[in-house]
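The opening position of the sequence shown corresponds to residue 1 in UniProt numbering, with each subsequent residue numbered one higher. The beta carbon of each residue, even a glycine, is placed where N, CA and C say it ideally should be. Keep in mind it's a predicted model, so treat the numbers as computed, not measured.
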Amino acid sequence: CRNHTQFASSAAAMASPMLSKCAAAYASVPFYPALLGHCIFMVGLFKGRYERNWLKAFWVSFIGSFGGGTMVSLLHGERIAWLENNNILLMYAAVWYALNYAPVVSLFSKMLAGLLPVRMAAKAASTMLRVQLLCMQVNLAVAGYPGQWYTPLFFGTVAATGGKFIADAVAALSGERVASSFSLPDWPVRSGFFGSLIYTFLAHWSRLLAPELAEAAVMSLFLAHAVSSDLLGGELDWTAPLEWIFHLVTRIPASKTDSILAEAGAPREGGGQTPSGKASPAPSATPSRLQAPSSSSPASSSKKSGGGLRKRQLPARK
C-alpha cells in the first residue's frame, strides 16, 4: 500500500507541470465565447424537439441547457445565474431563433453550425462549462458538508446532469415512452458521476493534486472524449466499461431498456412516437444520439365510444 501511495505521488508530481499549463489555457478562455459555444451546441442537441409547440421547445431546451446550475442553486438556496444575468437568456434566445426560425440568418447559421470545426468548438466550450460547474459544486459540498463522502458526488453529478434529468421528466410528462436517466443512466449521468468521483479523489480525498490541477485533469479527460467522438464519428464512452465492472463485481444485473419501456405502459395519445411506432429518445450529450427526435403526432380529435370519453359537443350559439 505504501508503494502504491509513493507511485501515485510520483505520478502526480510528474503530471503537475503539464496540468498547470492546461489549467492556465482553460482559464484563459473568456466566459461569453464559451457560453456562445454552449448555446450553439445545446440548441443543436434539442433541435427538432416539440416542433409543434415553439414555447415548449424553447423552454425545455433552455432549462435542459442550464438545468444543472439551476438545480444546485435551488438546493443551496442561492441565486440562479440566468435570473440575475440578462445576457444568458438573451444569448440563448438569439442562438435558438437564429438556428430555428430566422429567415435569412437561419440557413447560414445552420451551415456554419454544421461544420465540423464549429461543431467541435461548440461542444468543447459546452464541456468546459460543464466541468467547471461540476468541480465548483464539489468544492462547495466539501466545504459545506464536512465529513460526508457521498455529498460531493451528489452535487457534482446533479450539476453536470441536471438538464438531462429535467428533459427526461418533461418527456415523461408529455407521454413519451423513453428510458429515463433516472432508471437507466447513460453517458451524461455516468460521466457526471465518474467526473465527480475522479475530481473529489484527486483534490480532496487523496490530495494528490491541487484543486485547479485536478480540475484540469478532469477537463482534459472530458475534452478528449468530446473531440475524439466527433473526429471518429462515433461514441467513445469511457464510462461504459466502468459500469460493466460495477455489475460484474456486485452481481447486480444491469437494467434492460425493453423492461423499463414496458413498465412505462402504452403511450398516451400524441406522445413521443415516431411514424414507425418507436419511441423517440430524449436529448443526450452522447454523440450517437445527436439526431433530433421526431415530434409528437397530433392527438386524435375523437375517441372510440366503447372505452373512452365521448367528445363533448358545444351548444350552438343562438
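Exposure of residue i, with buried meaning 16 or more beta-carbon neighbours within 10 Å
{"i": "Q6", "result": "exposed"}
{"i": "M14", "result": "exposed"}
{"i": "P30", "result": "exposed"}
{"i": "I166", "result": "buried"}
{"i": "R176", "result": "Inspection of the sequence shows that residue 176 is occupied by Glu rather than by Arg. By the 10 Å Cβ count, E176 comes out buried."}
{"i": "R49", "result": "buried"}
{"i": "V249", "result": "exposed"}
{"i": "A23", "result": "buried"}
{"i": "N139", "result": "buried"}
{"i": "S9", "result": "exposed"}
Residue j beta carbon less than 8 Å from that of residue i
{"i": "E215", "j": "V158", "result": "no"}
{"i": "W82", "j": "F66", "result": "yes"}
{"i": "I88", "j": "L35", "result": "yes"}
{"i": "F41", "j": "S181", "result": "no"}
{"i": "Q137", "j": "V72", "result": "yes"}
{"i": "A160", "j": "L223", "result": "no"}
{"i": "M111", "j": "M219", "result": "no"}
{"i": "G162", "j": "G77", "result": "no"}
{"i": "L197", "j": "S255", "result": "no"}
{"i": "K47", "j": "L116", "result": "no"}
Closest Cα partner of residue i within the set the options
{"i": "V142", "options": "S228, S180, A25 and Y199", "result": "Y199"}
{"i": "E235", "options": "W187, G192, L208 and L221", "result": "W187"}
{"i": "F58", "options": "L248, V43, L75 and G68", "result": "V43"}
{"i": "A12", "options": "E243, A226, S228 and A203", "result": "A203"}
{"i": "K164", "options": "L232, F246, P152 and V178", "result": "V178"}
{"i": "E243", "options": "V95, N100 and S191", "result": "S191"}
{"i": "G64", "options": "D168, Y26 and G156", "result": "D168"}
{"i": "A93", "options": "S61, V227, F108 and G144", "result": "S61"}
Nearest-angstrom Cα separation, counted from residue j out to residue i
{"i": "M120", "j": "M91", "result": "19 Å"}
{"i": "P17", "j": "C135", "result": "20 Å"}
{"i": "V170", "j": "E212", "result": "36 Å"}
{"i": "L19", "j": "R207", "result": "15 Å"}
{"i": "C39", "j": "L45", "result": "10 Å"}
{"i": "T286", "j": "D230", "result": "Residue placement at T286 is flagged as unreliable, the pLDDT there being 40, under the threshold of 50; the coordinate-derived value follows with that caveat. Looking at the two C-alpha atoms, the distance is approximately 10 Å."}
{"i": "G37", "j": "K21", "result": "23 Å"}
{"i": "F193", "j": "A217", "result": "15 Å"}
{"i": "A102", "j": "T151", "result": "44 Å"}
{"i": "G308", "j": "R52", "result": "Any reading at G308 needs caution, since the residue's pLDDT is 43, under 50, leaving its predicted position unreliable; the model's value is listed next. When rounded, the distance between both Cα atoms is 25 Å."}
{"i": "G147", "j": "T239", "result": "27 Å"}
Which full runs of the alpha helix (DSSP H) of 4+ residues lie inside the stretch 88-127, going along the chain?
Within the stretch 88-127, the complete alpha helix (DSSP H) segments at least 4 residues long are 105-114, listed from N- to C-terminus.
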